[in-house]
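For reference, the structure is listed below as structure tokens.
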Amino acid sequence: MAAYILRRLMLIIPTLFGILLVNFTIIQFAPGGPVEQMISKIRGTNVEATARFMGGGGEGASMSHGLPDSAAASMESKYRGARGLDPALIAELEKMYGYDKPATTRFWIMIKNYLTFDFGDSFFKDRKVTSLIAEKLPVSISLGLWTTLLIYLISIPLGIAKAVRDGSSFDIWSSSAIIIGYAIPGFLFAIMLIVLFAGGSFWKIFPLRGIVSDNWHDLSFFWKIGDYFWHMALPILSLVIAGFASLTLLTKNSFVEEINKQYVMTARAKGVSEKAVLYRHIFRNAMLIVIGGLPAAFIGILFTGALLIEVIFSLDGMGLLAFESAVSRDYPVLFGVLFIFTLISLLTHLIGDLTYMFVDPRIDFEKRQG
Numbered sequence: 152m153a154a155y156i157l158r159r160l161m162l163i164i165p166t167l168f169g170i171l172l173v174n175f176t177i178i179q180f181a182p183g184g185p186v187e188q189m190i191s192k193i194r195g196t197n198v199e200a201t202a203r204f205m206g207g208g209g210e211g212a213s214m215s216h217g218l219p220d221s222a223a224a225s226m227e228s229k230y231r232g233a234r235g236l237d238p239a240l241i242a243e244l245e246k247m248y249g250y251d252k253p254a255t256t257r258f259w260i261m262i263k264n265y266l267t268f269d270f271g272d273s274f275f276k277d278r279k280v281t282s283l284i285a286e287k288l289p290v291s292i293s294l295g296l297w298t299t300l301l302i303y304l305i306s307i308p309l310g311i312a313k314a315v316r317d318g319s320s321f322d323i324w325s326s327s328a329i330i331i332g333y334a335i336p337g338f339l340f341a342i343m344l345i346v347l348f349a350g351g352s353f354w355k356i357f358p359l360r361g362i363v364s365d366n367w368h369d370l371s372f373f374w375k376i377g378d379y380f381w382h383m384a385l386p387i388l389s390l391v392i393a394g395f396a397s398l399t400l401l402t403k404n405s406f407v408e409e410i411n412k413q414y415v416m417t418a419r420a421k422g423v424s425e426k427a428v429l430y431r432h433i434f435r436n437a438m439l440i441v442i443g444g445l446p447a448a449f450i451g452i453l454f455t456g457a458l459l460i461e462v463i464f465s466l467d468g469m470g471l472l473a474f475e476s477a478v479s480r481d482y483p484v485l486f487g488v489l490f491i492f493t494l495i496s497l498l499t500h501l502i503g504d505l506t507y508m509f510v511d512p513r514i515d516f517e518k519r520q521g
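The sequence shown begins at 152 in my numbering and counts up by one.
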């Protein structure tokens with residue numbers, strides 16, 4: 152077991168390297184990089200703002216005389232919107248964002264820094280990327296962890312109950328409720344909850360924004376816990392409604408398939424009780440496919456599912472941070488978020504494999520590797 156876990160942990164390093172390499176390569180061909188973003192901002196400012204950026208008009212003018220016409224023309228053709236700007240200004244922008252170095256050099260510098268979890272500074276937020284991620288990560292982890300936990304706590308018992316009562320009136324009306332829940336997008340359900348319970352048009356029971364209250368640090372320990380869940384109730388409920396339907400149906404179909412197998416009929420013929428058949432024989436086999444979807448469910452909620460919920464409930468999490476950094480081409484933040492998300496994903500898949508072996512001891516990934 153220890154050798155298998157060590158091998159999996161060692162495989163994380165080349166996997167992270169490959170993902171960063173692919174994404175870094177793609178970014179090089181994406182239009183509208185940070186230099187172009189700043190050029191666009193400069194185009195919208197006055198001459199004094201540009202002079203302040205350059206440290207004074209005289210410095211910029213002296214630098215421009217040092218560049219030949221061919222270099223100036225090259226810079227104008229390299230970046231959209233650069234025509235008419237001082238080439239020295241563009242050269243200074245390239246130096247500020249590290250684009251004065253070749254792409255290969257920038258990539259290896261990034262990899263070297265990432266080995267010590269140094270993600271650099273944000274291009275546009277004037278803060279370290281690690282500081283931004285540390286601030287936003289608790290929000291996303293809260294949404295992903297509690298939502299996944301509730302989805303599994305609801306879906307597995309409900310799916311088992313539907314499988315045992317397959318074709319009954321309970322199965323029919325619960326399937327109708329599941330279909331309705333599946334058909335309603337999470338963000339639409341979130342808006343409905345706001346209208347009903349967050350002061351939209353009816354009751355003001357839950358807060359509309361933030362993960363905790365402003366006076367959270369002044370509260371006692373138990374009041375802090377209550378305040379936290381009070382703020383997280385509606386966002387988590389919105390994600391649970393959107394995510395529990397598919398897992399419930401997966402659980403039901405998995406158990407129905409196992410119930411109809413020969414070993415179940417044999418156990419019943421030997422006089423084993425229905426409860427023992429269900430939880431000693433069927434449960435272990437049927438749960439494998441359900442557990443297999445745990446990493447994907449958690450990562451899906453953490454990466455993409457919570458983005459709109461974060462926006463609607465004003466929760467400043469990693470999903471919103473990644474989206475904003477992609478739009479603004481804030482590459483240090485974007486790659487830092489990608490690195491953390493990928494690392495969490497790989498570790499979660501390892502936990503999923505270990506859970507496989509916990510549910511069914513017959514599974515031994517270490518022997519398969521050997």
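All residues carry an ideal CB built from backbone N, CA and C; glycine is no exception.
Checking the sheet assignment: what are the DSSP bridge partners for residue i?
i, result
"Ala448", "In DSSP, Ala448 forms no bridge with anything."
"Asp272", "Lys279"
"Ala349", "Lys355"
Taking 8 Å as the CB-CB limit, is residue i close to chain C?
i, result
"Asn366", "Absent from the structure: chain C. Only one protein chain is present."
With distance defined between alpha-carbon atoms, name the residue in the options nearest to residue i.
i, options, result
"Gly394", "Gly332, Val363, Leu339, Ile376", "Gly332"
"Val462", "Leu359, Gly249, Arg278", "Leu359"
"Lys412", "Ser424, Ile392, Asn436, Leu398", "Asn436"
"Leu240", "Ile262, Val186, Thr506", "Val186"
"Ile495", "Ser291, Phe348, Trp354", "Ser291"
"Leu505", "Thr256, Ile452, Ala473, Pro446", "Pro446"
"Thr176", "Gly249, Pro336, Arg159, Phe258", "Phe258"
"Gly184", "Tyr248, Ile307, Ile342, Phe492", "Tyr248"
"Leu160", "Thr499, Phe449, Tyr507, Met416", "Thr499"
"Ala349", "Met469, Phe434, Pro289, Trp381", "Trp381"
"Gly487", "Pro253, Val428, Thr281", "Thr281"
"Gly377", "Pro386, Val363, Ser389", "Val363"
"Pro289", "Phe509, Gly468, Asp481, Met508", "Gly468"
"Phe492", "Leu309, Ala153, Leu167, Leu157", "Leu167"
"Gly337", "Tyr303, Ile392, Lys426, Lys252", "Ile392"
"Asp481", "Leu304, Ile178, Ala312", "Ile178"
"Ile323", "Ala285, Ile260, Lys403, Phe373", "Lys403"
"Ile311", "Ser325, Tyr250, Thr299", "Ser325"
For residue i, report the span of its alpha helix (DSSP H) as first-last.
i, result
"Ala477", "469-479"
"Leu283", "280-315"
"Phe321", "320-334"
"Asn366", "No alpha helix (DSSP H) contains Asn366, which DSSP labels as neither H nor E."
"Ile356", "Neither: Ile356 is in no alpha helix (DSSP H) and is coded neither H nor E."
"Pro165", "153-179"
"Thr256", "254-265"
"Val423", "Counting along the chain, Val423 falls outside any alpha helix (DSSP H), and DSSP gives it neither H nor E."
"Ile433", "Taken as a continuous stretch (DSSP letters only), Ile433 belongs to no alpha helix (DSSP H), as it is neither H nor E."
"Gly377", "372-410"
"Leu458", "458-463"
Who are the Cβ neighbours of residue i in its own chain at under 7 Å, not counting the five residues just before and after it?
i, result
"Val407", "Ala314, Asp317"
"Ser479", "Gln188, Phe275"
"Ala212", "Only weak support is given to the placement of Ala212: the predicted model assigns it a pLDDT of 38, under 50, and the value that follows is read from those uncertain coordinates. Nothing listed; no residue qualifies."
"Pro483", "Phe270, Gly271, Asp272, Ser273, Phe274, Val280"
"Ser405", "Ala437, Ile440, Val441"
"Phe268", "Thr281"
"Asp365", "none"
By Cβ distance below 6 Å, which residues in the same chain neighbour residue i in space, the five residues on each side in sequence not counted?
i, result
"Asn197", "In this predicted model, Asn197 has a pLDDT of only 41, less than 50, meaning its place in the structure is not dependable enough to derive any value."
"Glu409", "Ile433, Asn436, Ala437"
"Gly503", "Leu445, Pro446"
"Trp297", "Ile387"
"Ser352", "Val346"
"Thr255", "none"
Taking the CB atoms as reference points, tell me whether residue i and residue j lie closer together than 8 Å.
i, j, result
"Leu171", "Phe490", "yes"
"Ala384", "Phe464", "no"
"Ile450", "Leu401", "no"
"Leu472", "Lys287", "yes"
"Ala477", "Leu485", "yes"
"Leu344", "Ser389", "yes"
"Ile329", "Ala396", "yes"
"Leu497", "Ile163", "yes"
"Leu294", "Ile452", "yes"
"Ala448", "Ile302", "yes"
"Ser306", "Thr399", "yes"
"Ala457", "Gly443", "no"
"Trp367", "Lys375", "yes"
Below 7 Å, is the gap between the Cβ of residue i and the nearest heavy atom of the ligand SAH?
i, result
"Trp381", "Inclusion of the ligand SAH in the displayed structure is not the case, the ligand content being empty and no account of it being possible."
Who are the near neighbours of residue i in its chain, counting only those whose CB is closer than 8 Å to its CB and skipping five residues on each side?
i, result
"Ile262", "Phe168, Leu171"
"Asn174", "Phe486, Leu489"
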